[in-house]
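Undergrad: Below you will find the structure I want to go over with you.
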Ligand SMILES: [Zn+2]
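In our numbering, the protein residues as written are 3 to 302.
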């Protein structure tokens, strides 16, 4: 069950907007309705917005000529690069803003970006705290784990729910005039545990697995993404010396061997890329070792 659409539906209805629910339609039909009914606002995920653009190109539809003036995204992290990409594709002067929410808090609406596109204003219908992710005590820093209390949720009340999202907060007044704190950056997940393809794995276990092999240095990153609703686990690990000095065949063999061993150890498949040394930027903590691209979902 997907909670994402409901909050938007109810909110937009209250604003008096005409809503065209095309979530279950094919991309072609979505584009058709966008053209036919001259939709002005598009609500979707960043990847789908780009998919719509690609599809439109195929169908010889110029998205720049559509009536869309606002693109609202959620469900995935919107990076600044992605925002730029969307604007280049759809139109420079289009407003591309994002939402933050989670199923536990009944979908989107925890944080909302205004037209100034500089971070998500925290919704004052919730009570937020920023805690130190280790000792869970309130922190005065602008970086911490976001903790939420749902003040007005009668059916699913949460008290001090730790989201595991490590965020950077800005309390500076926004150009829109609002003084509500904004999430200006997501820095990762506070927990070491990953759930991939339904299997729980700890980053430390993966690290142990990788470091047994002597032909790597200690730089690696774990990337978890989603494709066709399936989790994809990718591990990039640096080879200890310049790859130029090693035969391609040797690297390919290492890769195959590692992937098989990984499957035997953890019971799930992974894609392991052996990359050149000094490819991965050094990090000081495990948190940044993991790029969970599935996170920040409206639902899931
Ligand atoms: Zn603002």
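For each residue, glycine too, the CB sits at the ideal point set by N, CA and C.
Find out if the Cβ-Cβ distance for the pair residue 128, residue 149 is shorter than 7 Å.
TA: Residue 128 sits at position 126 when you count from the first residue of the chain shown. Residue 149 sits at position 147 when you count from the first residue of the chain shown. Going by C-beta atoms, residue 128 is not nearer than 7 Å to residue 149.
Undergrad: For the pair the stretch 85–103 and the stretch 39–56, tell me if three or more CB-CB distances fall below 8 Å.
TA: Contact holds between the stretch 85–103 and the stretch 39–56, because three or more Cβ pairs, one in each stretch, are under 8 Å apart.
Undergrad: Please list, in chain order, all residues of the same chain as residue 160 whose beta carbon is under 8 Å from its beta carbon, the five residues on each side excluded.
TA: Counting from 1 along the chain shown, the entry for residue 160 is found at position 158. These residues qualify, in order along the chain: 106, 107, 150, 151 and 152.
Undergrad: Specify, as a first and last residue, the run of the alpha helix (DSSP H) that residue 266 falls within.
TA: Numbered from 1 along the chain shown, position 264 holds the residue referred to as residue 266. Its alpha helix (DSSP H) spans residues 250–268.
Undergrad: Given 6 Å as the limit, tell me if residue 180 has its C-beta closer than that to any heavy atom belonging to ligand 1.
TA: Against the chain shown, residue 180 aligns to sequence position 178. It does: the Cβ of residue 180 is within 6 Å (strictly closer) of some heavy atom of ligand 1.
Undergrad: Going by the C-beta, is residue 176 closer than 6 Å to any heavy atom of ligand 1?
TA: Taking the first residue of the chain shown as position 1, residue 176 is located at position 174. Yes - ligand 1 has a heavy atom lying nearer than 6 Å to the Cβ of residue 176.
Undergrad: I need the straight-line Cα distance from residue 11 to residue 23, nearest angstrom please.
TA: In the chain shown, counting from the first residue as 1, residue 11 sits at position 9. In the chain shown, counting from the first residue as 1, residue 23 sits at position 21. Each residue's Cα considered, the two are about 9 Å apart.
Undergrad: Starting from residue 74, follow its DSSP beta bridges and name the residues at the other end.
TA: Numbered from its first residue, the chain shown carries residue 74 at position 72. DSSP, once it has assigned bridges, lists 45 and 99 as partnering residue 74.
Undergrad: Quick one: using the 10 Å Cβ neighbour count with 16 as the cut-off for buried, is residue 110 buried or exposed?
TA: Stepping through the chain shown from its first residue, residue 110 is reached at position 108. Counting C-beta atoms within 10 angstroms of its own C-beta, residue 110 has 16 or more neighbours from the protein chains shown and is therefore classed as buried.
Undergrad: Using DSSP with H/G/I as helix, E/B as strand and the rest coil, what is residue 153?
TA: The residue labelled residue 153 in the question sits at position 151 within the chain shown. In this structure, residue 153 counts as coil in the three-state DSSP scheme.
Undergrad: Just to confirm, does residue 157 get its C-beta within under 6 Å of one of the non-hydrogen atoms of ligand 1?
TA: As a first step, residue 157 is located in the chain shown; it is residue number 155 there, counting from the start. Result no, Cβ not under 6 Å from ligand 1.
Undergrad: Counting only the same chain and skipping the five closest in sequence on each side, list residues whose C-beta sits under 7 Å from that of residue 39.
TA: If you number the chain shown from 1, residue 39 lands on position 37. Cβ neighbours of residue 39 beyond the five flanking positions: 22.
Undergrad: Which residues does DSSP pair with residue 174 in a beta bridge?
TA: Residue mapping note: residue 174 aligns to position 172 of the chain shown, counting from 1. Partner(s): none; residue 174 has no beta bridge.
Undergrad: Are the stretch 168–187 and the stretch 204–216 in contact at 8 Å, needing three or more beta carbon pairs?
TA: no
Undergrad: Along the beta strand (DSSP E) that carries residue 30, what are the first and last residues, could you check?
TA: By one-based count along the chain shown, residue 30 stands at place 28. Segment 29–38 is the alpha helix (DSSP H) holding residue 30; no beta strand (DSSP E) there.
Undergrad: Could you check whether the Cβ of residue 73 sits closer than 7 Å to any Cβ belonging to chain B?
TA: In summary, chain B is missing from the structure at hand, where a single protein chain is found.
Undergrad: Can you look up residue 88 in the DSSP assignment and give me helix, strand or coil?
TA: On the chain shown, position 86 is the one that residue 88 refers to. Correct three-state label for residue 88: helix.
Undergrad: Apply the 10 Å Cβ neighbour rule to residue 300 and answer buried if 16 or more other Cβ atoms are within range, or exposed otherwise.
TA: Taking the chain shown and counting its residues from 1, the one referred to as residue 300 is at position 298. Bear in mind that the predicted position of residue 300 carries a pLDDT of just 39, short of 50, making it unreliable; the figure below should be weighed with that in mind. Burial call: buried.
Undergrad: Under the assumption that residue 146 contacts residue 103 (Cβ atoms under 8 Å), give the Cβ distance between them as a whole number of angstroms.
TA: Position 144 of the chain shown, counting from 1, holds the residue named residue 146. Position 101 of the chain shown, counting from 1, holds the residue named residue 103. The beta carbons of residue 146 and residue 103 sit about 19 Å from each other, so the pair does not count as a contact at 8 Å.
Undergrad: Could you pull out every unbroken beta strand (DSSP E) segment of at least 3 residues lying fully inside the stretch 211–239, listed in chain order?
TA: You should have 218–229.
Undergrad: Per DSSP, residue 184 forms a beta bridge with which residues?
TA: Within the chain shown, numbered from 1, the residue matching residue 184 stands at position 182. According to DSSP, which records beta bridges pairwise, residue 184 is partnered with 123 and 172.
Undergrad: Ligand 2 and residue 116: does any heavy atom of the ligand fall closer than 6 Å to the residue's C-beta?
TA: The model depicted lacks ligand 2 and carries ligand 1 instead.
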